[in-house]
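Report on the following structure.
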Amino acid sequence: MRTYQTEYQRSVAQPDVFWAEQASRIPWFTPPRVVLNHDDQGHARWYGDGELNTCYVALDHHVETGRGDQPAIFWDSPVTDARRTLSYRELRDQVAVFAGALAGLGVEKGDRVVIYMPMVPEALIAMYACARLGAVHSVVFGGFAARELAVRIDDAEPKVIVAASCGVEVDKVLPYKPIIDQALELSAHQPSACVILQREQLRAEMGVIDHDWQALIESAAPVDCVSVKGTDPLYILYTSGTTGKPKGVMRDHGGHAVALHYSMEHIYGMAPGEVFFSASDIGWVVGHSYIVYAPLIRGCTTVVYEGKPVRTPDASAFWRVIEEYQVRAFFTAPTAFRAIKKEDPDGQGLQKHDISCLRTLFLAGERLDPPTFHWLDDLLDVPVIDHWWQTETGWPIAANLQGLDPQPVKPGSATFPVPGFDVQVLDTQGEPATPDEQGSVVIRQPMPPGCLTGIWRDPQRFHSAYMAAYPGYYLTGDGGYFDADGYLFIMGRTDDVINVAGHRLSTGEMEEVVGSHAAVAECAVVGIQNSLKGQVPVGLVIPKDGFDGDTDALERELIALVREKIGAIASLKQVLVVSRLPKTRSGKILRKLLRSIADGEEFGIPSTIDDPSSLQDVQEAMVEHQVGAADRARQV
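Oh and the sequence shown: position 611 is 611 in UniProt numbering, straight run, nothing missing.
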């Protein structure tokens with residue numbers, strides 16, 4: 001561990017020196033002399049007097065230094081049966097022309113552009129074109145409801161909206177233009193123009209302010225990169241599940257580029273020229289960081305995948321992509337593999353593909369439960385690496401650093417804090433927790449480069465939401481603990497710790513036990529109100545495909561298993577077998593929503609939900625089992 005420990009200690013003891021060294025490894029127009037300073041509230045600001053452009057760092061620089069003919073993007077779309085490859089030079093040229101088209105519509109440095117697109121190369125072109133102009137992009141997940149799109153338009157106040165005519169899913173084509181039109185009817189702010197990429201699956205009817213993408217670029221001239229300050233904003237990304245006033249996380253150019261370059265080399269172990277595949281969406285932070293920007297900043301090739309882990313056409317979809325493009329590192333969410341395990345519990349689809357090219361599998365986005373880890377670890381001959389980060393941080397907080405000093409894997413642990421992140425666990429009194437004692441996970445300031453620099457148009461909310469609870473620390477909102485070896489275990493959101501008759505218990509720990517049963521594909525445990533004990537846990541499970549056993553018997557077995565592994569103190573006395581669980585489009589189970597249903601509270605359908613009809617399955621199961629007050633729950 002000597003290499004890791006030396007690097008980590010330098011990063012927290014002398015952050016300005018450490019991050020000055022990392023900054024020297026990317027191309028600047030004007031290298032920063034002042035590496036670290038602070039704003040009026042004491043929050044870190046990195047590379048304020050340096051000047052660069054993220055588009056130049058990721059594209060132009062590589063073309064100029066001999067990487068122009070290397071593939072930058074492999075686009076793979078099983079839902080449209082299409083593939084496309086763009087070299088660094090081709091991508092740079094197309095970005096320069098589209099940036100010219102945006103400039104022709106009046107977009108300038110500092111202006112905002114909302115991007116509402118599916119997983120197509122043009123989405124990346126639009127994002128890089130904004131960066132090239134010094135404009136600030138705000139990507140909204142394609143298919144988001146009109147009301148949610150409207151509130152983001154009103155908050156970001158874009159000069160232009162860039163969209164596709166439709167999104168294509170496994171079993172349907174989703175028109176985007178009617179959603180945009182409805183959003184503009186609802187929003188007070190009105191952009192001056194809307195650029196529409198017409199897809200052959202469904203062409204949109206054009207309106208007064210609408211411009212056809214293809215026609216626009218045919219008359220546009222390419223433009224060069226605009227020089228921006230290291231602290232100038234690159235993008236706004238609204239956190240998922242926001243209700244009321246949206247919370248727009250802001251990311252800067254300088255710290256973002258430095259941090260992502262560092263992470264690609266030291267966390268993911270990627271060398272220039274290698275292929276990186278992140279199965280996410282550009283609407284999420286994973287897509288921003290590890291589909292769009294980080295791979296190209298590092299000089300790698302990124303896979304842009306328009307499909308699902310299953311049903312495009314089957315549960316071997318990921319293995320096919322890895323083999324076809326010779327992927328070296330693959331990154332997705334645990335829920336994707338739980339979906340694969342449900343349809344292909346024995347991993348037979350892997351036998352059809354040679355994935356010997358794969359070096360490492362990375363998982364993040366939610367906790368990697370040990371049953372899913374063990375299923376993958378048994379199936380694959382490569383390290384299965386859990387790592388932990390958030391929309392707000394933009395890159396991993398804790399990981400097993402494959403390019404620095406790989407360590408033995410402990411199931412359930414994200415291993416060690418990444419250099420730059422001084423991670424602490426505090427108890428209920430705000431004091432350092434002892435080894436194996438669960439508490440609130442926080443990060444001592446200064447936050448390293450690449451983390452959020454604020455909330456768009458709401459600096460006070462940034463401070464109150466993240467910095468005020470523990471002065472001098474960033475509040476992650478997650479609970480966890482360090483073990484005696486210094487490994488960090490993240491057990492879930494702090495509101496997933498329940499209080500049962502005065503005992504604080506982790507629902508994540510119970511999910512580990514329930515998920516270890518051979519018949520269980522996926523599960524969730526939530527705490528619901530109880531007049532006697534305050535809260536009690538309730539489990540919801542999805543059996544693996546092909547399960548034909550007695551569901552009542554399975555429920556009894558799972559209750560007994562938790563009692564055996566955790567003890568009677570857990571008070572898990574109800575387990576429900578369901579066909580679906582409500583999730584976000586990124587695959588996170590909506591546990592807060594499950595609690596509201598069980599407690600009979602009014603709830604709204606979140607904008608991020610993937611399948612609203614899954615709520616009915618859960619409600620019916622809770623009513624049947626007489627769980628809490630589910631029969632009184634009302635949907636708003």
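Even for Gly, the Cβ is constructed at its ideal location relative to N, Cα and C. Please read all numbers here as calculations on a predicted model, not as lab measurements.
Run the CB neighbour count on residue i, radius 10 Å, all protein chains shown included, and call it buried at 16 or more, exposed below.
i, result
"Lys109", "exposed"
"Ala630", "No answer about Ala630 holds up, because its pLDDT of 48 lies below 50 and its placement is not dependable."
"Asp281", "buried"
"Asp386", "buried"
"Val384", "buried"
"Arg634", "Residue placement at Arg634 is poorly supported in this model, since its pLDDT is 44, which falls under 50; the coordinates are not used for a value here."
"Glu511", "buried"
"Ile569", "exposed"
"Asp369", "buried"
Using the Cα positions of residue i and residue j, report the straight-line distance between them to the nearest angstrom.
i, j, result
"Gly480", "Gly412", "11 Å"
"Thr243", "Thr3", "With a pLDDT of 42 at Thr243, under the threshold of 50, the modelled position of this residue cannot be trusted; read the value that follows with caution. Going by the C-alpha atoms only, they are around 44 Å apart."
"Pro606", "His261", "34 Å"
"Val578", "Ala621", "7 Å"
"Ala82", "Val120", "10 Å"
"Val286", "Val79", "21 Å"
"residue 683", "Gln9", "This structure cannot settle anything about residue 683, because the visible part of the chain is limited to 1 through 636."
"Phe373", "Phe98", "43 Å"
"Gly241", "Asp611", "For Gly241, the predicted structure reports a pLDDT of 40, less than 50, and the residue's modelled location is therefore unreliable. The matter cannot be settled from this model."
"Gly546", "Thr312", "20 Å"
"Gly254", "Glu306", "30 Å"
"Arg580", "Asp617", "7 Å"
"Phe18", "Ser11", "5 Å"
"His288", "Lys308", "18 Å"
"Ile73", "Arg92", "11 Å"
"Ala129", "Arg112", "12 Å"
"Leu561", "Leu361", "30 Å"
"Val636", "Ile589", "Because Val636 sits at a pLDDT of 36, beneath the cut-off of 50, its placement in the model cannot be relied upon, and the following sentence gives the value as read from the coordinates. Those two C-alpha atoms are separated by around 20 Å."
"Ala257", "Tyr293", "8 Å"
From which residue to which residue does the beta strand (DSSP E) around residue i run?
i, result
"Phe330", "Ala329 to Thr332"
"Glu218", "From DSSP, Glu218 is part of no beta strand (DSSP E) but of the alpha helix (DSSP H) over Trp213 to Glu218."
"Cys130", "From DSSP, Cys130 is part of no beta strand (DSSP E) but of the alpha helix (DSSP H) over Pro121 to Leu133."
"Ile196", "Ala193 to Leu197"
"Leu59", "Taken as a continuous stretch (DSSP letters only), Leu59 belongs to no beta strand (DSSP E), as it is neither H nor E."
"Glu366", "First-last for Glu366: undefined, no H or E at that position."
"Met270", "Element bounds for Met270: n/a, residue is neither H nor E."
"Glu522", "Val520 to Asn530"
"Met250", "Gly248 to Asp252"
"Ile115", "Arg112 to Tyr116"
"Thr301", "Thr301 to Tyr305"
"Phe489", "Leu488 to Arg493"
"Leu237", "Pro233 to Tyr238"
"Ala44", "Ala44 to Trp46"
"Leu540", "Gly534 to Pro543"
Judging by CA-CA distance, which residue of the options is the nearest neighbour of residue i?
i, options, result
"Leu237", "Gly50, Ala23 and Thr391", "Thr391"
"Trp388", "Thr476, Val208, Val35 and Leu296", "Thr476"
"Asp436", "Val107, Ser506 and Val195", "Ser506"
"Thr332", "Ile297, Tyr268, Leu105 and Asp354", "Tyr268"
"Ala150", "Gln460, Ala598 and Pro191", "Pro191"
"Arg89", "His62, Ala188 and Ala103", "His62"
"Pro118", "Leu86, Ala164 and Pro158", "Ala164"
"Glu624", "Gln574, Phe603, Phe482 and Pro582", "Gln574"
"Val627", "Pro582, Phe337, Thr608 and Gln535", "Gln535"
"Tyr473", "Gly42, Trp284 and Leu615", "Gly42"
Between residue i and the ligand MN, is the CB less than 8 Å from at least one heavy atom?
i, result
"Trp284", "In the structure shown, the ligand MN is absent, as is every other ligand, since no ligand is present at all."
Which residues bound the alpha helix (DSSP H) around residue i?
i, result
"Phe98", "Tyr88 to Gly104"
"Ala469", "Note, Ala469: premise wrong, no alpha helix (DSSP H); not H, not E."
"His374", "Pro370 to Leu379"
"Leu184", "Lys177 to Leu186"
"Pro15", "Pro15 to Ala23"
"Met510", "Thr507 to Gly515"
"Val321", "Ala317 to Tyr325"
"Phe276", "Looking at the DSSP string, Phe276 is not in any alpha helix (DSSP H); the run it does join, the beta strand (DSSP E), is Val275 to Ser278."
"Ser613", "Premise fails: Ser613 is in no alpha helix (DSSP H) and is neither H nor E."
"Pro31", "Neither: Pro31 is in no alpha helix (DSSP H) and is coded neither H nor E."
Using 8 Å as the Cβ pair cut-off and three pairs as the minimum, do the stretch 406 to 425 and the stretch 454 to 468 touch? no
Is the stretch 519 to 530 touching the stretch 448 to 457 in the sense that three or more CB pairs, one from each, lie closer than 8 Å? no
Could you check whether the stretch 221 to 235 touches the stretch 192 to 208, counting it as contact only if at least three pairs of C-beta atoms, one from each stretch, sit closer than 8 Å? no
For the stretch 487 to 495 against the stretch 551 to 562, are there 3 or more C-beta pairs whose distance is under 8 Å? no
So does the stretch 322 to 329 actually touch the stretch 87 to 102, counting three or more Cβ pairs closer than 8 Å? no
Check whether the stretch 133 to 153 and the stretch 162 to 182 touch, using three or more Cβ-Cβ pairs below 8 Å as the test. yes
Cβ contact (3+ pairs, closer than 8 Å) linking the stretch 14 to 33 and the stretch 41 to 53: yes
Do three or more CB pairs link the stretch 345 to 358 to the stretch 397 to 406 at distances below 8 Å? no
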